[in-house]
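Structure record follows, encoded as structure tokens.
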Amino acid sequence: MMDRYEEKYDGDIKELLEDASYSLVWGEEADVTLLAFDKEELVGIGSLWTNSVHPNREYMGIFTKSENRRKGIGRQLYQQLSSLSESKVFQAAVSSKDSTAISFLKDCGFQLARKCYTTVLRGDFSSSNDQMSYLSLNEATEEQWDELVALQLENYKDFHQTINALSDSISTMEWKKIISAYLDKEHSYLLAKDGKIDAYILCYEGEEPGEIEIGYVGGQDVLNLPHYTAFYKNAIHQLKRQFEKVSIEADDVDPFAFAALNLFEYDQSDSWDTYIIG
């Protein structure tokens, strides 16, 4: 039996999702939430929601209780959600290690669009022999700061265009506010050429003391990646000297961030994967 979300089911939903390997938006935060029951027991949930930053696909999440899988419940939830959607264009994200969820998405026609790696840089990490000068974002002029925001926005748009394009309504000033939240300007670095921003590494406050997170890596021209990579290596080496833990988040569709990631070894089987359909 399928039913629409009601607040009275909140406790059952939270208990059901305790075993989920990924987050799922439901209730008031979702556009649609459907619940599947076996008699009176909640055994599955499916929802659709949108994101104002990336509004061009509906995010879909479906989860069924382990002992109730392979009974067509997930497929029914998917079909019902699809019938209620006007766009029929969906996006879902799961762990690369969740073979059950991946198999289900593929069976529904979803295709892998992106792999996102989040890892900590471990072991020795030497700087490049290339001599180059770069500056902290704290040292940048207001003009350079504006150039950086415009470049970072352009990079971000390019690498999300085919998956879930950025909203056209977001201005450069709004984007500046978005990327500035928790930004560590002192430990974010810029490579300048003739005073103009050529490449960058933007870092953010870590969740733990002594930790910093590399959030955005980019540059003006992919053809200059060898030069940028030397800059990334030097900047990361500097970070390693100052922090106990340096982590990075990099998508395989982003050549700049992926180049920085591939400066060191990491578990390529462990990623957060985006699947799309429509």
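If you're matching positions, the sequence shown starts at 1 in this note's numbering and goes up one per residue.
Note that beta-carbon positions come from the ideal geometry of N, C-alpha and C, so glycine has one too.
By a beta-carbon distance limit of 8 Å, residue 2 does not contact residue 111. Their separation comes to about 27 Å.
Scanning 258, 231, 59 for the CA closest to the CA of residue 164 turns up 59. Considering only 144, 278, 215, the residue with the shortest C-alpha distance to residue 191 is 144. Here the alpha carbons of residue 233 and residue 12 stand approximately 49 Å from one another.
Counting other Cβ atoms within 10 Å of its Cβ, residue 271 reaches 16 or more and is therefore classed as buried.
Using a Cβ distance threshold of 8 Å, residue 152 and residue 216 count as a contacting pair. For the pair residue 136 and residue 186, the CB atoms are nearer than the 8 Å cut-off. Annotation: residue 104 is outside any beta strand (DSSP E); the continuous alpha helix (DSSP H) that includes it extends over 99-107. Ranked by how close their Cα comes to the Cα of residue 95, the residues 7, 34, 24 have 24 in first place. Annotation for residue 249: the continuous beta strand (DSSP E) segment containing it runs 245-251.
In the structure shown, residue 170 falls within a coil segment according to DSSP collapsed to helix, strand and coil. With 16 or more other Cβ atoms from the protein chains shown falling within 10 Å of its own Cβ, residue 35 counts as buried. By the CB criterion at 8 Å, residue 68 and residue 46 fall outside the cutoff. Counting only residues of its own chain and dropping the five nearest sequence neighbours on each side, residue 82 has a CB closer than 7 Å to the CB of 88. Residue 39 and residue 52 have their C-alpha atoms roughly 37 Å apart.
Distance from the CA atom of residue 253 to the CA atom of residue 219, rounded to whole angstroms, is 14 Å. Using a Cβ distance threshold of 8 Å, residue 211 and residue 240 do not count as a contacting pair.
Residue 93 carries a strand assignment under DSSP once its states are collapsed to helix, strand and coil. Around the beta carbon of residue 141, fewer than 16 other beta carbons sit within 10 angstroms, so the residue counts as exposed.
When secondary structure is reduced to three states using DSSP, residue 185 falls in the coil class, being assigned neither helix nor strand. Residue 7 is classed as exposed because its beta carbon has fewer than 16 other beta carbons within 10 Å across all chains shown. The residues 57, 59, 164, 276, in chain order, have a CB closer than 6 Å to that of residue 91 in the same chain once the five nearest residues on each side in sequence are set aside. The C-alpha of residue 269 lies about 27 Å from the C-alpha of residue 231.
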